[in-house]
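Residues in the sequence shown are numbered consecutively from 1, following the working numbering.
C-beta atoms are modelled at their ideal positions from N, C-alpha and C, and glycine is treated no differently.
Since the model is a prediction, treat every value here as computed from it, not as a measurement.
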Amino acid sequence: MKLVNKLIILLFISTSVVFAQTVINAIPAPSYTSGLCWDGAYLWCGRYGTSVTDSIYKIDPTNGNIVKAIRWRPAGWTSGSCYGLAFDTAYGGSLWVSTQVSGTPTPNDTIFQIDTITGARIRALRARKEYMAGLANDGQFLWHCVYYNPDGGVYKIDKITGDSLDFISVPGIPQPWSATWDGQYLWVGNDSSGTGGTGGRSRVYKIDVALRQIVD
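This is the structure we're talking about:
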């Protein structure tokens with residue numbers, strides 16, 4: 001699945017130096033995997049699609065075994081996939097989840113912060129834009145991909161208010177779908193064949209957010 005492959009690549013480039021586009025390892029993953037992050041010891045991944053559960057899985061990176069599963073949808077929700085996932089050290093370890101929910105007023109996208117122990121919701125940020133996807137945490141702010149024009153680009157989000165503080169639209173990345181932060185740079189995966197057909201190349205890009213341009 002293309003989405004899974006992109007996110008796995010992003011994970012590895014955030015934890016090691018990349019000299020070539022080589023698959024380092026491959027492990028089993030739950031079906032319809034979507035959203036992936038690293039907490040320093042384990043992987044966390046969500047799921048995508050109306051027919052799957054709302055579980056987020058804690059995964060052993062050495063063998064793909066599921067260590068834990070937590071439920072994250074608010075009571076009463078019958079839909080809502082995990083489109084993006086980012087780890088945060090706050091509250092003893094928490095996850096940020098970006099989701100799109102059917103049947104609610106526009107915009108129907110929300111970012112949740114959830115407890116990794118119980119799955120309890122810590123915070124909910126109402127999205128200012130629709131068609132949210134990948135999510136990254138730089139330690140202070142969230143960086144969130146919006147993959148559909150005319151608002152396509154990467155948004156810098158305040159973790160408390162949900163306000164959009166900055167917007168980066170990079171030529172060559174018309175449809176940003178996945179994101180991660182390596183401590184200095186933002187890595188963004190472009191989906192060349194996704195919703196809207198906006199094109200571009202299916203590649204992972206290293207972005208200097210201060211210069212607002214592609215580094216690699």
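| query | result |
| --- | --- |
| Cβ contact (3+ pairs, closer than 8 Å) linking the stretch 141-159 and the stretch 119-130 | yes |
| Span of the beta strand (DSSP E), counted from its first residue to its last, around residue 94 | 94-100 |
| Inter-residue spacing [alpha-carbon to alpha-carbon] between residue 59 and residue 68 | 7 Å |
| Alpha carbon of residue 168 to alpha carbon of residue 31, nearest angstrom | 32 Å |
| Own chain partners of residue 162 with C-beta closer than 8 Å, once the 5 adjacent residues on each side are dropped | 111, 125, 126, 127 and 128 |
| For residue 33, the nearest candidate out of 84, 24 and 96 (CA to CA) | 84 |
| Completely contained beta strand (DSSP E) runs for the stretch 117-160, where each covers 3 or more residues | 121-126, 132-137, 141-146 and 153-158 |
| Beta-carbon proximity list for residue 100, same chain, < 8 Å, skipping 5 on both sides | 80, 81, 83, 108, 109, 130, 131 and 132 |
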